[in-house]
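> FYI, in UniProt numbering the residues of the sequence shown are 1 to 89.
Handing you this structure, nothing more for now.
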Amino acid sequence: MPIDLAAAVSAVIPNPNGNTNSSGLATDPDAVRKADEARMAQQAEQRRLEEIQADEKRAETAREDRNRREQVSRNANGEIIGTTVNSLA
């Protein structure tokens with residue numbers, strides 16, 4: 001059975017840089033900071049995408065509401081009867 005020498009050496013001799021602990025997680029302050037910044041950037045991007053989706057949903061709902069109001073103001077021939085109020089935000 002072959003022996004993994006690198007794993008055996010790593011288990012016996014600690015990392016000379018001292019930047020990993022026994023669980024293999026980075027303890028280097030720069031690495032931790034970079035990981036935190038990357039996580040925060042990812043969360044910010046996710047929030048931005050969710051806001052865009054919410055804006056698109058609101059716009060679609062408003063469009064549907066306008067179309068419904070306009071349909072009510074048409075007769076059987078499709079001609080507009082009465083007045084349609086358009087308001088710009």
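Even for Gly, the Cβ is constructed at its ideal location relative to N, Cα and C.
Please read these numbers as outputs of a predicted model, since none were measured by experiment.
Please report how far the alpha carbon of Asn77 lies from the alpha carbon of Asn67, in whole angstroms.
Rounded to whole angstroms, Asn77 to Asn67 spans 17 Å at the Cα level.
> Using the C-alpha atoms, what's the distance from Gln42 back to Glu51?
C-alpha separation (whole angstroms): 14 Å.
> Does Glu79 come out as helix, strand or coil in the three-state DSSP assignment?
Note: Glu79 maps to coil in three-state DSSP.
> Taking the C-alpha atoms as reference points, what is the distance between Glu56 and Glu37?
About 29 Å.
> Taking the C-alpha atoms as reference points, what is the distance between Glu64 and Leu49?
Approximately 23 Å between the Cα atoms of the pair.
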